[in-house]
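Below is one structure, written out as structure tokens; comments come after it.
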Amino acid sequence: HQSPAQRGSSSESMQAVARAARCLRSQERQLSLCARSSQLRSLRVGAARSLQANRSLHGRHPFALVQKASLATGDADAAAFVGITPGLTKEEQIARKNQDIDKDGIWDLLPAGVQQSLQDAGKVRFVSWLGHGVTKGKAAIVQLFTHEEADAIIDCMCTAGGKSGVMSAERTAELYLGRVNTARHLVADARLAEHLFHRFQACLVPSGGGQVPFLSEMKFGSDVVAVNEKIRLVTTEAGGEHQKHADISEPSDDGQRSSRLTFQCYLNPEAYEGGHFQLYPQERGGHEPVDIPMEKGCAVVFVQEDAELMHGGGKKGA
């Protein structure tokens with residue numbers, strides 16, 4: 002599931018020219034792995050999970066699928082729960098969302114210094130459990146990127162029509178229920194995914210007077226074998242939002258693995274108003290959203306298809 006940086010008007014025009022070669026957005030470029038320049042930029046990824054023990058880190062051995070069942074077209078409540086378009090099965094929805102991918106990724110577009118920085122797994126930091134009644138171990142906030150890394154990723158995001166992997170706001174609204182004024186750039190980037198996985202492996206959380214691996218404290222975390230190389234770079238314009246839903250679990254292309262965790266990283270929250278990650282706590286009846294402010298480069302990590310993690314993205318202001 003949203004994540005952002007904004008520049009001053011004078012420097013923005015200069016940067017726009019320099020970034021054109023990297024396929025930056027036309028207009029003012031709101032970013033968010035969701036937001037920039039008043040655009041919200043964000044990055045969303047699912048973590049692959051194996052049901053079998055002692056498998057390789059890269060998942061080359063067979064893995065059991067966690068979930069294969071389709072949601073019936075007529076099961077409106079179940080479909081709405083994970084944002085499936087009426088008339089489509091879960092598998093059909095996933096196939097349509099993933100049919101166009103930028104296979105070049107963004108790693109080669111990143112400055113050498115940022116590439117080197119991203120290879121330092123020690124730059125990750127656990128911030129807190131999500132709270133608000135969510136069971137501990139189902140959702141947390143992690144400082145995933147430095148400010149420099151977040152800005153560099155923003156510079157690689159694209160919203161230009163005709164570019165591989167780019168889905169316009171109009172097309173996104175058709176395939177993602179309740180998503181408004183939000184464009185998406187889907188990339189396949191194994192190198193970036195690998196280094197992100199190393200950061201999650203290196204992340205430590207306080208426990209019993211000491212520290213333990215973050216993934217060992219997350220539900221499904223001990224079964225995670227990789228970060229999905231399919232990374233969604235999201236840009237939300239003014240007035241954009243993502244309405245209440247739970248994230249969907251997706252199988253890998255070879256059917257050997259399935260996602261069970263989402264991490265959604267906010268790249269430029271300092272550049273716009275609103276656009277917060279919103280949780281719909283069950284302790285409030287599940288209907289009233291609570292804003293969860295996120296710092297630049299922070300990611301919310303949470304389990305998929307879980308009623309405690311009904312969430313959305315608040316309306317983005319100027």
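Convert by adding 1 to the 1-based position in the sequence shown; the result is the number in the working numbering.
Using N, Cα and C, we set each Cβ at its ideal position, and we do this for glycine too.
Start and end residues, beta strand (DSSP E) containing glutamine 283:
No beta strand (DSSP E) holds glutamine 283; DSSP gives it neither H nor E.
Per DSSP, phenylalanine 278 is paired with what?
DSSP output for phenylalanine 278 lists Ile293 and Gly314 as bridge partner(s).
For alanine 113, three-class secondary structure by DSSP:
In the structure shown, alanine 113 sits in a helix (DSSP, three-state: H, G or I).
Spell out a yes or no on whether the stretch 237-244 and the stretch 211-227 are touching, meaning 3 or more CB-CB pairs, one atom from each, closer than 8 Å.
Remark: fewer than three beta-carbon pairs, one from each stretch, lie closer than 8 Å, so the stretch 237-244 and the stretch 211-227 are not flagged as touching.
Where DSSP assigns a beta bridge to proline 207, which residues make up the other side?
According to DSSP, proline 207 bridges with Gln212.
Have a look at glutamine 279 and arginine 192 and give me their C-alpha separation to the nearest angstrom.
So the two alpha carbons sit approximately 30 Å from each other.
Residue burial classification, methionine 311 (beta-carbon count within 10 angstroms, cutoff 16)
Classification of methionine 311: buried, given that the 10 Å Cβ count is 16 or more.
Inter-stretch contact (C-beta, 8 Å, three-pair minimum) for the stretch 152-159 and the stretch 105-112:
Note that the stretch 152-159 touches the stretch 105-112; at least 3 beta-carbon pairs, one per stretch, sit closer than 8 Å.
Under 8 Å between C-beta atoms of isoleucine 107 and aspartate 190:
Going by C-beta atoms, isoleucine 107 is nearer than 8 Å to aspartate 190.
Beta-bridge partners of glutamate 242, as assigned by DSSP:
As DSSP reads the structure, glutamate 242 sits in a beta bridge with Val181.
Put threonine 236 into one of helix, strand or coil per three-state DSSP.
In the structure shown, threonine 236 sits in a strand (DSSP, three-state: E or B).
Between which two residues does the beta strand (DSSP E) harbouring arginine 97 extend?
Careful: arginine 97 lies outside any beta strand (DSSP E), inside the alpha helix (DSSP H) at 91-98.
Let me know if histidine 288 comes out buried or exposed under the rule of 16 or more other beta-carbons within 10 Å of its beta-carbon.
Around the beta-carbon of histidine 288, fewer than 16 other beta-carbon atoms lie within 10 Å, marking it exposed.
Spatial neighbours of aspartate 103 in its chain, beta-carbon cut-off 6 Å, leaving aside the 5 residues before and after
So the list reads Ser165, Gly166 and Val188, once near-sequence residues are dropped.
Assign glycine 315 to buried or exposed, taking buried as 16 or more other Cβ atoms, counted over all protein chains shown, within 10 Å of its Cβ.
Per the 10 Å Cβ criterion, buried.
Can you tell me the Cα-Cα spacing of valine 213 and glycine 88, whole angstroms?
So the alpha carbons of these two residues sit roughly 45 Å apart.
Return helix, strand or coil for serine 129, following the three-state DSSP convention.
The answer is strand: DSSP assigns serine 129 an E or B state.
What first and last residue would you give for the beta strand (DSSP E) that runs through isoleucine 142?
Start and end: 140-144.
I believe alanine 122 touches histidine 199 by the beta-carbon criterion, under 8 Å. Please report the beta-carbon distance rounded to the nearest angstrom.
Contact between alanine 122 and histidine 199 holds: their C-beta atoms lie close to 4 Å from each other, under 8 Å.
With DSSP as the reference, identify every bridge partner of arginine 192, one or two as the case may be.
Arginine 192 is not bridged to any residue.
Shortest alpha-carbon distance to valine 125 belongs to which of Cys204, Tyr281 and Val135?
Considering only alpha carbons, the answer is Cys204.
Going by the beta-carbon positions, is the gap between proline 290 and glycine 313 smaller than 8 Å?
The criterion of a C-beta distance shorter than 8 Å is satisfied by proline 290 and glycine 313.
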